Amino acid sequence: TASVKIAPSILAADFAAFGAEIEAVEAQGADWIHVDVMDGHFVPNITFGPDTCRAIRPHVRTVMDVHLMIAPVDPYIEAFAKAGADILTAHVEAGPHIHRTLQAIRAAGCRPGVALNPGTPVEAVRPVLDLVDLVCVMTVNPGFGGQSFLPDTLSKVRQLRAWAGSGLHIEIDGGVAPATARACVEAGADVLVAGSAVFKGGSVSDPAPYGENIRAI
Ligand code: DX5
Ligand code: ZN
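With the UniProt record's numbering as the guide, the letters of the sequence shown map in order to residues 2 to 218.
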């Protein structure tokens, strides 16, 4: 699938070796690096924040695609922008003022993205499509890697592509694997996030499986 980008999620990487893992997976063909920020409030898990993003920034040669699973978002936009996020994605469910949040993300110098959970209708993001460079369609309930893909969410991808045309990045996030990737691309997605499917079977000292896993998607 030529023009489709693979964005490995470091949620599935070795948390004690993010820099080396990022360099390894980029050397093995990763197009973007997907960085899952979780606050233990918007989602039932905690990962890391702006300081970790700043620490890993020098190791990212491609694109640092930061997925904010936090609420509220606005107080932290500046910190993630200064940390070097290229894309900064906020959840439409994270608060009542997504339109203002997305304006603030672009004003801070990042490319804005909006994410929507499996239970959120695709219409919820229609009013802000002209403010974003990316829509992240969650194909699992956010908070954890290694979950099963929810295929009913793909109708949102088709609808988004019909509304937005080819200029918008439509990113699939959750449960992407060789068995599910084709349906995602056929529905119109052009960026596939994959955590467990990419990092399984490899390590910093043995990264070859990362490349095999990426090519298999
Ligand atoms: C889940 C995260 C996803 C997750 C993907 O809340 O947003 O990016 O890390 O991991 P896999 O590919 O293992 O489902
Ligand atoms: Zn994510």
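By construction, the Cβ of each residue, glycine as well, lies at the ideal position given by its N, Cα and C atoms. None of these values were measured; they are calculated from a predicted model.
query                                                                                                                                                                      : result
Any heavy atom of the ligand DX5 within a distance shorter than 8 angstroms of the CB on residue 177?                                                                      : yes
What number of angstroms, rounded off, separates the C-alpha of residue 191 from the C-alpha of residue 30?                                                                : 16 angstroms
Going by the DSSP bridge assignment, what does residue 153 pair with across the sheet?                                                                                     : Per DSSP, none; premise fails for residue 153.
Within a Cβ cutoff of 7 angstroms, which residues of the same chain sit near residue 56, ignoring the five residues on either side of it in sequence?                      : none
Under 8 angstroms from any heavy atom of the ligand DX5, does the C-beta of residue 184 make it?                                                                           : no
Measuring from the CB of residue 4, is there a heavy atom of the ligand ZN at a distance below 8 angstroms?                                                                : no
Do the CB positions of residue 177 and residue 150 come within less than 9 angstroms of each other?                                                                        : yes
Using a Cβ-Cβ cut-off of 6 angstroms (strictly less than) and excluding sequence neighbours within five positions of residue 111, which residues of its own chain qualify? : 82, 86 and 89
Beta-carbon separation of residue 144 and residue 44 under 9 angstroms?                                                                                                    : yes
Within 10 angstroms of the Cβ of residue 155, are there 16 or more other Cβ atoms? Answer buried if so, exposed if not.                                                    : buried
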